[in-house]
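*Asks:* Encoded as structure tokens, here's the structure I'll be asking about.
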Amino acid sequence: MKTTAVILEGPKKLALGDLGVKAPGDDDVVVDITHSGISTGTEKLFWTGEMPPFPGMGYPLVPGYEAAGEVVEAGRATNLAVGDRVFVPGANCFEDARGLFGAASRRIVTPAARAMRIDSSLQAEGALLALAATARHTMAGLDKAMPALIVGHGVLGRLLARLTLAAGAPAPVVWVTNAARRGGARGYDVVDPSTDDRRDYRTIYDASGAPDVLNQLIGRIAKGGEIVLAGFYASDISFGFVPAFMKEVRLRVAAEWTPDDLIATRQLVESGALGLDGLITHTERAADAQTAYPTAFDDPTCLKMILDWSEMQ
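The sequence shown maps to residues 16 to 328 in my numbering.
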């Protein structure tokens, strides 16, 4: 079996190419991807060559962990059927390329346990479930407080704000320095941090991924408050101890989503409690991946870039 996939051969060396695909087993499904997303966090770090050492990393690799498609073959031990629309968080099924992520491909083979059936109405938006589940994982749990301040108004920041409102919590304030990112708020305020004088936020969620933001946030947290690092940070994070000591600040790092987060997020989306509309700003044909990736990473108007694989054979 062969497929056409995005192959990242090294920093800023990307092309479409043909790869062999491992044969499926009884527990696997074969999925034809229709839409895959480009991550401006981890994928950008692979693109620039700044990704810290990570298990399974290396080049060449097939990027992408956000994809939606259709099952075209289902093993006899699976609970999926041909024609099911599914979300898949990537695959490790390629010959001659690493599949640490592996979603940016026309066809993938993956264990059925990693594919989740979704409503057929979720076309390109189906690829957003990974980010939505990440946001949900950051916030969910009896010991976690809803954000009073969110730093960053990209897709993750918007999802955090939408989930906060969906939970019935007070509307958060969202900081963003880039004026182009201040539109699109729904029921919450988006401001330039220089215009915000508050220094009593009980919970601050950082979705910016900026490693130098922590000292600024410590200055804005209430005593005993919590700062949640919800982004992915390429370099070491440091902070001044004395201000943190005076505030008795608590730090929490949010990791990737779990299967339970994905199920709960799908339910929120299908019930209408969480909307995924308005988050995809750019869509390009998969054949144009070489221009789509730089646009996703460098164009400040691009919230989420989606590759459309429907024209690929």
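Just so it is clear, CB atoms sit at the ideal spot from N, CA and C, and this is done for glycine as well.
What you are looking at is a predicted structure, and each value in this text was computed from that prediction instead of being measured.
Kindly provide the ranges of any alpha helix (DSSP H) runs that are 4 or more residues long and lie completely inside the region 80-127, ordered along the chain.
*Replies:* none
*Asks:* Comparing C-alpha positions only, which one of P187, A225, P226, T55 sits nearest to R217?
*Replies:* The residue labelled residue 217 in the question sits at position 202 within the sequence shown. It is P187 whose Cα lies nearest to the Cα of R217.
*Asks:* Please list the segments of the alpha helix (DSSP H) lying wholly inside the region 257-325, counting only runs of 4 or more residues, in order along the chain.
*Replies:* 274-286, 304-313
*Asks:* Spatial neighbours of A269 within its chain, please: C-beta separation below 7 Å, excluding the five flanking residues on both sides.
*Replies:* Counting from one through the sequence shown, the residue named residue 269 turns up at place 254. The residues are H152, T153, V243, L244, A245.
*Asks:* Can you name, in chain order, every residue of its own chain whose Cβ lies under 8 Å from the Cβ of A128, other than the five neighbours on each side?
*Replies:* As a first step, residue 128 is located in the sequence shown; it is residue number 113 there, counting from the start. Result list for A128: D42, in chain order.
*Asks:* Between which two residues does the alpha helix (DSSP H) holding L143 run?
*Replies:* For the purposes of this step, residue 143 is taken as the residue at position 128 of the sequence shown. Where L143 is concerned, there is no enclosing alpha helix (DSSP H), given that its DSSP letter is neither H nor E.
*Asks:* Thinking A182 and S51 are a contact (beta carbons under 8 Å), I'd like their distance in whole angstroms, please.
*Replies:* As a position in the sequence shown, residue 182 is number 167, starting the count at 1. As a position in the sequence shown, residue 51 is number 36, starting the count at 1. About 29 Å separates the two Cβ atoms, so there is no contact after all.
*Asks:* In the region 44-82, which residue ranges form an unbroken alpha helix (DSSP H) of at least 4 residues, counting only runs that do not cross its ends?
*Replies:* 57-63
*Asks:* If you draw a straight line from the C-alpha of G40 to the C-alpha of D158, how long is it?
*Replies:* Looking up residue 40 in the sequence shown gives position 25. Looking up residue 158 in the sequence shown gives position 143. The straight-line gap from Cα to Cα measures roughly 41 Å.
*Asks:* Mind checking who Y216 pairs with in its DSSP beta bridge?
*Replies:* Against the sequence shown, residue 216 aligns to sequence position 201. According to DSSP, which records beta bridges pairwise, Y216 is partnered with I236.
*Asks:* Look up V166 in the DSSP assignment and give the residues it is bridged to.
*Replies:* Taking the sequence shown and counting its residues from 1, the one referred to as residue 166 is at position 151. W190, D221.
*Asks:* With C-beta atoms as the reference, is L31 less than 8 Å away from F61?
*Replies:* For the purposes of this step, residue 31 is identified with residue 16 of the sequence shown, where counting begins at 1. For the purposes of this step, residue 61 is identified with residue 46 of the sequence shown, where counting begins at 1. Going by C-beta atoms, L31 is not nearer than 8 Å to F61.
*Asks:* Taking the beta carbon of S286 as the centre, do at least 16 other beta carbons fall within 10 Å, making it buried, or is it exposed?
*Replies:* In the sequence shown, residue 286 corresponds to position 271, counting from 1. Under this definition S286 is an exposed residue.
*Asks:* Which class does G32 belong to by DSSP, given the choice of helix, strand or coil?
*Replies:* Taking the first residue of the sequence shown as 1, we reach residue 32 at position 17. Strand.
*Asks:* So if DSSP puts R132 in a beta bridge, which residue, or which two residues, is it bridged to?
*Replies:* Walking along the sequence shown from the start, residue 132 turns up at place 117. Answer is V101.
*Asks:* Just the C-alpha distance for R113 and L266, rounded to the nearest angstrom, thanks.
*Replies:* Taking the first residue of the sequence shown as position 1, residue 113 is located at position 98. Taking the first residue of the sequence shown as position 1, residue 266 is located at position 251. Cα to Cα, the separation comes out at about 34 Å.
*Asks:* Rounded C-beta distance between D33 and T19? I'm assuming under 8 Å.
*Replies:* Against the sequence shown, residue 33 aligns to sequence position 18. Against the sequence shown, residue 19 aligns to sequence position 4. Right, the Cβ-Cβ distance comes to about 6 Å (below 8 Å), so this counts as a contact.
*Asks:* Pull up the distance between the alpha-carbon of V77 and that of P67, whole angstroms please.
*Replies:* Start at 1 with the first residue of the sequence shown, and residue 77 comes out as number 62. Start at 1 with the first residue of the sequence shown, and residue 67 comes out as number 52. Spanning the two alpha carbons is a distance of roughly 18 Å.
*Asks:* I need the boundaries of the beta strand (DSSP E) containing A195, first residue and last residue.
*Replies:* Position 180 of the sequence shown holds residue 195. From DSSP, A195 is part of no beta strand (DSSP E); its letter is neither H nor E.
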